[in-house]
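Novice:
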Amino acid sequence: MTTPTSQPTRKRVVHQLDTPFSTVSWPAVSPEDQDTTLELLCENTDTPSLLSPLGQYRQTHVKRSKGKRAARKEKDDKKAASTTEEPPVPPMPEIDASIDVGLNSITRNLQALSQSDEEAAQGKPERQYLMIFVARGNQASTFNCHFPQMVAAASKSLPSSDKIRLVGFSNPCSDRLSACLGVPRVSSIAIAKDAPGAGALQEFVLKSVPPAEAAWLDASRDAQHLTTKINAIETTVGPKRPKMNETTS
């Protein structure tokens, strides 16, 4: 019985369609500046943070749903004890009107901010962002790779002092942001310009985080034709399977 001889590794070239425009990288932020930014956002033992009032409000005044049966029972209990008056629930902290939480809401507002004046009249953005924070260390890049391009597009017509700053936390911090806000999961947070109580955070971020740059946004105004970009990637191909004789002697 003869042993099969090992076949040499075969290679072939696979072609992949790519964009002719240059990619937009995340703004470079040092790990030390990321840690300082996170401390200014989340609860700190020395000084009050920006987001902690929202978490304290939800913990005190917002009740989590326990299902329809529990809701009916609670409603019946309130009817039985209707003689006792409950104190009115205070309004949400002022900072709540200047913050968006979650990928979908932030992406929709960035899309509205990046539209032309005629398009923006149809879908007016809710607020003008100044800072966006993304917990990159807790999710795959597929979920947040659009942020640098969208932030650069939304900031292209703004003065340099008002351009949106994008901070991607490289270390996992989603749990800390969630605990601070009092919500189950947080992947991204956007804060509007001149948000109440955000003076220290705004000053530090504007000083330490550069704006997102997209060179292809300026190049697109030249109306110059760009050829299609096709990548040629060399990959390995598995060895051929030996053919089996259909008939046996």
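Each number in our numbering corresponds to the 1-based position in the sequence shown with 517 added. Each residue gets a CB set at the ideal place from its N, CA and C atoms; glycine is no exception. Quantities reported herein were computed from a predicted structural model and do not represent experimental measurements.
Just tell me which of D535, N688, L568, V668 has its CA closest to the CA of D679.
Specialist: The count along the sequence shown starts at 1 and reaches residue 679 at position 162. It is V668.
Novice: Quick check on R758: does DSSP put it in helix, strand or coil?
Specialist: Residue 758 sits at position 241 when you count from the first residue of the sequence shown. In this structure, R758 counts as coil in the three-state DSSP scheme.
Novice: Going by the DSSP bridge assignment, what does G685 pair with across the sheet?
Specialist: Numbered from 1 along the sequence shown, position 168 holds the residue referred to as residue 685. Paired residues: V651.
Novice: Tell me whether Q551 is buried or exposed, calling it buried when 16 or more other Cβ atoms sit within 10 Å of its Cβ.
Specialist: Translated into the one-based positions of the sequence shown, residue 551 becomes position 34. Label assigned to Q551: buried.
Novice: Going by C-alpha distance, which of L630, S691, P759, E751 is nearest V530?
Specialist: To locate residue 530, count along the sequence shown from 1; it is residue 13. If we check each option's Cα against that of V530, E751 comes out closest.
Novice: Could you tell me which of P728, C697, F721 sits nearest to G572, measuring between CA atoms?
Specialist: Within the sequence shown, the letter at position 55 stands for residue 572. Distance check between G572 and each of P728, C697, F721 places C697 closest, using alpha-carbon atoms only.
Novice: Just curious, the alpha helix (DSSP H) that V623 is in, first and last residue?
Specialist: As a position in the sequence shown, residue 623 is number 106, starting the count at 1. With the sequence shown as reference, residue 623 is identified as Ile, and Val is not the correct amino acid for it. Unbroken alpha helix (DSSP H) run through I623: 620–630.
Novice: Three or more beta-carbon pairs under 8 Å between the region 715–726 and the region 659–675, yes or no?
Specialist: no
Novice: Using the C-alpha atoms, what's the distance from P713 back to P608?
Specialist: Taking the first residue of the sequence shown as 1, we reach residue 608 at position 91. Taking the first residue of the sequence shown as 1, we reach residue 713 at position 196. Between P608 and P713, the C-alpha separation is close to 15 Å.
Novice: Can you look up S766 in the DSSP assignment and give me helix, strand or coil?
Specialist: Translated into the one-based positions of the sequence shown, residue 766 becomes position 249. In this prediction, S766 scores a pLDDT of 48, lower than 50, which makes its location untrustworthy; the coordinate-derived value is nonetheless stated afterwards. If DSSP states are grouped into helix, strand and coil, S766 belongs with coil.
Novice: Please identify the residue among I706, L567, A732, K746 whose C-alpha is closest to the C-alpha of R541.
Specialist: Counting from one through the sequence shown, the residue named residue 541 turns up at place 24. It is worth fixing the name first, because residue 541 is Val in this sequence and not Arg. V541 has its Cα closest to that of A732, out of I706, L567, A732, K746.
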